[in-house]
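Note sheet for the following structure.
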Amino acid sequence: MHLVQQILFIIMAAAAVYLFSRKVAEMRRNILLGRDEDLSDNSGQRWKNMALLALGQKKMFKKPFPAILHLFVYAGFIIINVEILEIFVDGVLGQHRIFAPFIGALYPFLIGFFEILAALVLIGCVIFFARRNITKVPRLNMKELSGWPREDANLILITEVVLMSLFLIMNTADQSLQALGAEHYIHTDPFWITRHFTGMFSGMSVGTLVAIERGCWWLHIIGVFAFLNYLPYSKHVHILLAFPNAYYSKLIPQGEMKNMPEIQKEVLYMMEPDKAPPASAEPAEHKNFGAKDVTDLSWKNLLDAYSCTECGRCTSVCPANITGKKLSPRKIMMDTRDRLEEVGKNINANKEFQPDGKQLINDYITIEEVRACTTCQACVEACPVMIDPLSIIMQLRRSLVMDDSNAPQEWNLMFGNIENNMAPWKFSPDDRDAWVNG
Amino acid sequence: MAEYAANGETPEILFWVGCAGSFDQRAQRITRAFTQILDKVGVKFAILGKEEMCTGDPARRAGNEFLFQMMAYNNINTLNTYGIKKVVTICPHCFNIFKNEYPALGGNYEVMHHTTFLQQLINDGKVTLKDGGAFKGKKITYHDSCYLGRGNGIYEAPREVLQAFDSELIEMKRCRSNGMCCGAGGAQMFKEEEPGSTRINFDRAEQALETGATIIAANCPFCTTMLTDGVKNKEKEDSVKVLDIAEMVAMSM
Chain A
1 MHLVQQILFI IMAAAAVYLF SRKVAEMRRN ILLGRDEDLS DNSGQRWKNM
51 ALLALGQKKM FKKPFPAILH LFVYAGFIII NVEILEIFVD GVLGQHRIFA
101 PFIGALYPFL IGFFEILAAL VLIGCVIFFA RRNITKVPRL NMKELSGWPR
151 EDANLILITE VVLMSLFLIM NTADQSLQAL GAEHYIHTDP FWITRHFTGM
201 FSGMSVGTLV AIERGCWWLH IIGVFAFLNY LPYSKHVHIL LAFPNAYYSK
251 LIPQGEMKNM PEIQKEVLYM MEPDKAPPAS AEPAEHKNFG AKDVTDLSWK
301 NLLDAYSCTE CGRCTSVCPA NITGKKLSPR KIMMDTRDRL EEVGKNINAN
351 KEFQPDGKQL INDYITIEEV RACTTCQACV EACPVMIDPL SIIMQLRRSL
401 VMDDSNAPQE WNLMFGNIEN NMAPWKFSPD DRDAWVNG
Chain B
1001 MAEYAANGET PEILFWVGCA GSFDQRAQRI TRAFTQILDK VGVKFAILGK
1051 EEMCTGDPAR RAGNEFLFQM MAYNNINTLN TYGIKKVVTI CPHCFNIFKN
1101 EYPALGGNYE VMHHTTFLQQ LINDGKVTLK DGGAFKGKKI TYHDSCYLGR
1151 GNGIYEAPRE VLQAFDSELI EMKRCRSNGM CCGAGGAQMF KEEEPGSTRI
1201 NFDRAEQALE TGATIIAANC PFCTTMLTDG VKNKEKEDSV KVLDIAEMVA
1251 MSM
C-alpha cells in the first residue's frame, strides 16, 4: 500500500514539475520576443534593488496596513516551503515526519512556527478577500478587473485559505493520533497552535483520524502542485517575477526618456551630410519607430507585464485616471500581458507567428488612453515591483506620431510651431528676449 | 551670450529661460523676478536670447522624436560653440532635458534648477531675506512638479527656500514622491485634455486649497499656469495666489 502511494506521489510530483517548467520556458520565450535591451550593467546596484524591493518589499510599506498583511502572506509562503520540503521527502520515501527524529526538540518549535505563519497567512488572506469583496477598496474594484482578473484574485485567496486550513487540520489530527499512540505517528512535543484544537477530534477512532490526517496531507500537497501550475496562468506569478523584475529595473532618473539612436543618427546625417554613410552601405531594415505591438517593446516591458499582480497602486495615483480619463496604467500592463499571451498561443499553434490582424495599439489599448498620459511618473513611483507603464505608453506614442502621423491637431500645430518658431507657441523667435523690456 | 563672447568674457551661468519664461506673459514675471535676484546678488549671467530654442521636450513626450532630435542638435551646437559649462533654468522640463537627456547627445553641462540655485544663494548668505518679509507667518503650500520631484528626486531644496520665509508650510496630502501632477506634462499643455469627469488642474488646485494656505508655491511655469486656472475655477483668485518660488524670493529681498 505504501509503495503504491509512493509511486503515485512521485508520478504526480514529476508531472507537476514538468508541466510547470514547460510553461515557464514558454513565458521566457514570450518575454524574449521583445526587442533586445542590454541591462547587464551595474550588477551591484541591481542586487541591492532586488534585496530591498523584492525581498525587503520596501515600496509596499507606503501603505502600511496592506503591507503588513502582505508580509504575513509572503513570509508564510516562503518559510512554510521548508515544511513542504519535509512533506515532499516523506511522500517520496513513504515516511512520516522524517525530520522529527533528527532535530528532536527543534522540530515542534519549527512546526509551531510554521503554524503561526500559516495562521497569519490565513488571516491575511481572509482580510484581503474582505477588502476585495466586502469593503470594496476602490483600486481593487475597477472596471478593468471585471471577469477573469477578479476571479483570479479570489481564486488565489481561497486556495491559500484552503491550503493553510488543510495544513492546520492535518497537524491537529496528527496530535490526536499521537495521543492515541497510533502506529507510524511519531511522538513530538505539542505544536503551538493546533494543540489547542485537538478537542474537536475527541472520541474519534484511529481509523477516522488517520483518514482525516492522510486526506489533508494528500489534498494539501495536491493543492500545492496544482497551485504551482496555476501560477504561470495567473497574476500571482508576481511572487516569482518580482525578483528578476526588481533586478532589471530602471537605474536612471525616472524623468529620463530612452534615447532613440537611430533617429539621432538620421538627424545628424541630415544636418551634416558628410557624416552620412554612402546610400548603398546599409539597406536598413525598417522597424517600427516606437511600438505598435508587443514584439516592438523591449523584453523588459514584457517582463513587467508578466510581473504585474494588478494591485492598482499605479492607477490609484494616476492623475488622468483620477479625473475620469480612460487611461489606467494597470490596464496598460494587463493588456500587454494579454496580447503577449495571445501572440504566444499563436506561435504554439503555428510554430511561428502568423499575422492575426491585431496589434497592441487599437485592439487592446486605445489611442485615447495613450494620449491622456501626462508623463508624471506617479505610476512608476507607485509600483512595488518597479514596473514602468510609462515606458510602454511613450513607445506607443512614438509609433502613432512617427509611423502613422497620427497626432491631435493641436499637437501638429505645436510641432509646426517648434519647427518654425523654435517654440511650441506661435510667437516670433525675434521676440524671445522681449521679456527684458516688460 | 553673443555679447559676452564678443568681449571674450565668460558668464558665471547661462540662464536658460525656456519657452514659457520667454513668451508666456505670466511666466515672464517669473523670468524677470529671477533676473532681478541675479542682478541684486551680482551673479554674472548670460541668456542666449534669440539663439535659444525649445529643448524639444513637448515634442519628445508627444512622440515626435525627430523634432526633439533636431532641436537637441541645434541647442547643443549653440551651447558647445559658446563653451557653456553651467546652465540654470526656471523650468523643470528644460532642467530634466539638460540633466538627463542631452548628455547622451553630446551636451554635457552642469545644470541647476533655479530653486536649488536660490537655496544655495540663501545658504551662502548671498541672498538675505528682509526681516518680516512679505510671507512672514503666512500659510504656504508647496506643489512638487513632476520633473523636479519624481523625475529627479529634488524635494528638499525648494522647501528649504520656503522655510527661510519664516512662514507656515502646510503639505498637501499628496506631496513629495506622491505629489500629483498639475496636468500640463507630457505635452498635455498643448492640447485639450481627453474626455473625463474633471480637469487635472482643477483637482490639484482643490487639493491645494484644502490646506487653507493663501499662497501656493510652485517651481514650474506650466504648473503655475495650471494651478492659477484651477484656483480661478474655484473663484479663489482674490484670496489665494499661485507664485513661483523665484517671485517669492524677489518679493522678500
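In order, the protein sequences belong to chains A and B. Position 331 (the first sequence) corresponds to 331 in our numbering; numbering is contiguous. With positions in the second sequence counted from 1, the corresponding number in our numbering is that position plus 1000. Where is the CB? At the ideal position from N, CA and C, for every residue including glycine. Since the structure is predicted, the reported quantities are computational estimates derived from the model, not experimental observations.
By the CB criterion at 8 Å, A/Lys235 and A/Thr315 fall outside the cutoff. The secondary-structure analysis by DSSP pairs B/Phe1045 across a beta bridge with B/Ile1013. At a cut-off of 8 Å between C-beta atoms, B/Phe1066 counts as an interface residue with respect to chain A.
With a cut-off of 8 Å on Cβ pairs, the segment 49-56 of chain A is not in contact with the segment 361-369 of chain A, counting fewer than three such pairs. Exposure of B/Asn1123 is indicated by the presence of fewer than 16 other C-beta atoms within 10 angstroms of its C-beta. Of all residues in the segment 1178-1196 of chain B, only Asn1178, Gly1179, Met1180, Cys1181, Cys1182, Gly1183, Ala1184, Gly1185, Gly1186, Ala1187, Gln1188, Met1189, Phe1190, Lys1191, Glu1192, Glu1193, Glu1194, Pro1195 and Gly1196 place a beta-carbon less than 9 Å from a beta-carbon of chain A. For B/Tyr1073, the nearest CB of chain A lies under 8 Å from its own CB, placing it at the interface with that chain. B/Gln1120 and B/Val1041 have their C-alpha atoms spaced approximately 12 Å apart. Of the residues A/Glu183, A/Arg97 and A/Lys63, the one whose Cα lies closest to the Cα of A/Val137 is A/Lys63. Secondary structure at A/Lys426: coil, using DSSP grouped into helix, strand and coil. No residue range can be given for A/Leu140, since it is assigned to no alpha helix (DSSP H) and is classified by DSSP as neither H nor E. A/Pro355 counts as exposed, since fewer than 16 other beta carbons sit within 10 angstroms of its beta carbon. Here the segment 125-140 of chain A does not lie against the segment 179-196 of chain A, with fewer than 3 beta-carbon pairs under 8 Å apart. The way I'd put it, the segment 225-243 of chain A doesn't touch the segment 1066-1078 of chain B; fewer than three beta-carbon pairs between them come closer than 8 Å. By the criterion of a C-beta distance shorter than 7 Å, A/Glu26 is surrounded in its chain by Gly344, once the five residues flanking it on both sides are discounted. By the CB criterion at 8 Å, A/Phe77 and A/Val126 fall outside the cutoff. For A/Ala291 and A/Leu396, the gap between their C-alpha atoms comes out near 5 Å.
Cα atoms of A/Cys318 and A/Gly324: separation of roughly 10 Å, rounded to the nearest angstrom. Taking C-beta separations shorter than 6 Å and ignoring five residues to either side along the sequence, the partners of B/Leu1038 in its chain run Phe1045, following chain order. When Cβ-Cβ separations below 8 Å define contact, A/Trp435 makes contact with chain B. The distance from the Cβ of B/Gly1151 to that of A/Gly255 is about 3 Å, consistent with a contact at the 8 Å cut-off.
For the pair A/Leu340 and A/Asn30, the CB atoms are nearer than the 8 Å cut-off.
Apart from the 5 residues on each side of it in sequence, B/Cys1181 sits with its Cβ closer than 8 Å to the Cβ of Cys1146, Ile1200 and Arg1204 in its chain, given in chain order. DSSP, reduced to helix, strand and coil, places A/Val17 within a helical segment of the structure shown. Taking the C-beta atoms as reference points, A/Arg28 is found no nearer than 8 Å to A/Tyr247. For A/His70, the three-state secondary structure derived from DSSP is helix. Chain-order list of chain B residues neighbouring A/Met271: Met1070, Tyr1073, Asn1074 and Asn1077, by C-beta distance under 9 Å. A/Glu160 counts as buried, since at least 16 other C-beta atoms from the protein chains shown sit within 10 angstroms of its C-beta.
C-alpha of A/Gln95 to C-alpha of A/His184: approximately 8 Å in a straight line.
Each of A/Asn437, A/Tyr74 and A/Leu413 was checked against the Cα of A/Leu240, and the nearest Cα belongs to A/Tyr74. Within the same chain, Cβ atoms closer than 6 Å to the Cβ of B/Met1226 are found at Cys1182, Gly1183, Ala1184 and Asn1201, the five residues on either side in sequence being excluded. Contacts with chain A (Cβ-Cβ distance below 8 Å) from the segment 1089-1102 of chain B involve Asn1096, Lys1099, Asn1100 and Glu1101, listed in chain order. Taking a contact to require three or more Cβ pairs closer than 8 Å, the segment 215-232 of chain A and the segment 162-177 of chain A qualify as touching. With 16 or more other CB atoms across the displayed protein chains lying within 10 angstroms of its CB, B/Asp1057 is buried. Inter-segment contact for the segment 287-304 of chain A and the segment 383-391 of chain A is present: three or more beta-carbon pairs are separated by less than 8 Å. Counting the other Cβ atoms within 10 Å of the Cβ of A/Gln409 gives fewer than 16, which makes it exposed.
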